[in-house]
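Here the sequence shown stands for residues 69 to 319, numbered as in the numbering used here. Glycine is no exception: its CB is placed at the ideal position from the N, C-alpha and C atoms. Fair warning: this is a prediction, and the values are worked out from it, not measured in the lab. First comes the structure, then the notes that go with it.
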Amino acid sequence: MKPIRSLCLALTCAGTAVAASAEEAQVAVAANFTAPMKEIIAGFEQQTGHEVRASYGSTGKLYAQIKNGAPFHALLAADQQRPQLLEDEGVAVPGSRFTYAIGTLVLWSADPDFVDSEGEVLKRGAFEKLSLANPKLAPYGEASIQTLEALGLKEAIEPKLVMGENIAQAYQFVHTGNAKVGFVALSQVMTGGKITKGSGWIVPGDMHAPIRQDAVILESGKDNAAINDLFAYLQSDKAHEIIHAFGYETE
69 MKPIRSLCLA
79 LTCAGTAVAA
89 SAEEAQVAVA
99 ANFTAPMKEI
109 IAGFEQQTGH
119 EVRASYGSTG
129 KLYAQIKNGA
139 PFHALLAADQ
149 QRPQLLEDEG
159 VAVPGSRFTY
169 AIGTLVLWSA
179 DPDFVDSEGE
189 VLKRGAFEKL
199 SLANPKLAPY
209 GEASIQTLEA
219 LGLKEAIEPK
229 LVMGENIAQA
239 YQFVHTGNAK
249 VGFVALSQVM
259 TGGKITKGSG
269 WIVPGDMHAP
279 IRQDAVILES
289 GKDNAAINDL
299 FAYLQSDKAH
309 EIIHAFGYET
319 E
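So, in structure tokens, the structure goes:
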């Protein structure tokens, strides 16, 4: 019995040590990364004992909240611009910024027979509303406008545009039928590496600027063990496996 008692004691001590060193992190996360981030957090918390509380929204709005003193420890943006700005403005920790994901834009409809594989539906214009994220707040919205410009369709389709505050709201407009079609993130409509909801056209990457998504630790989080461990975890094989499963690329 002594070896068993010794093992139990060792496990109890180890558990106590983890609990004692565990910390809580407050993270601002771009709306398009909601689904993979929830899976990443679950695995991270189970492995480390840390607790992560994430707030999801448009990158522009999250940036404004951080500038106004919101108590976040890190930002996972949908672009590179805002993390770089926070670093330049002395709000973020120099050298902590890295690209955690590269996003993919999709023209999508909840109707499984509406969007063709070449996106020709845009030229036909047989829809009353097209949803996209606000390009002033969300990089996916900016990429959507760039795509319409590349196709020479921006002026023709502009009267039909319905803008969501972020990519999650843009998706909701289409999902609920308030818009027949819309530009969304591939991660929102795919499972197991392919589109499994409705119908969609994966927009070629050369039609818009790369959607490189950077993360950065804020000054308020530089001494937070949970944040530092989370950033290491985001660059691990386990996290990359989840990120790739949702249609993102990594460096």
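R121 is bridged by DSSP to Q94.
Taking the Cβ atoms as the reference, G209 lies roughly 5 angstroms from L200, within the contact range of under 8 angstroms.
K262 has T259 as its beta-bridge partners, per DSSP.
Per DSSP, the unbroken beta strand (DSSP E) holding L144 starts and ends at A142 to L144. When rounded, the separation of the alpha-carbon atoms in P151 and G158 is 11 angstroms. When DSSP states are grouped into helix, strand and coil, F101 belongs to the helix group. As the crow flies, the alpha-carbon of H141 is around 10 angstroms from that of R121. Secondary-structure assignment with DSSP links A169 through a beta bridge to Q281. Secondary structure within the stretch 178-229: the beta strand (DSSP E) runs of 3 or more consecutive residues, fully enclosed, are 198-201 (chain order). Comparing alpha carbon positions, the residue from E223, A178, A313 and G171 closest to G250 is A178.
Bridge pairing for S304: absent [DSSP].
Selection S123, Y131, T215 and Q133 evaluated against M275 yields T215 as nearest (Cα-Cα).
N246 and Y124 have their C-alpha atoms roughly 22 angstroms apart. Rounded to the nearest angstrom, the Cβ distance from A96 to L143 is 5 angstroms, consistent with a contact under 8 angstroms.
Residue pairing of F251 in beta bridges, as defined by DSSP: L175. Beta-bridge analysis with DSSP links M231 to L200. DSSP, read as helix, strand or coil, puts G268 in strand. In this structure, the CA atom of K204 is about 12 angstroms from the CA atom of I235.
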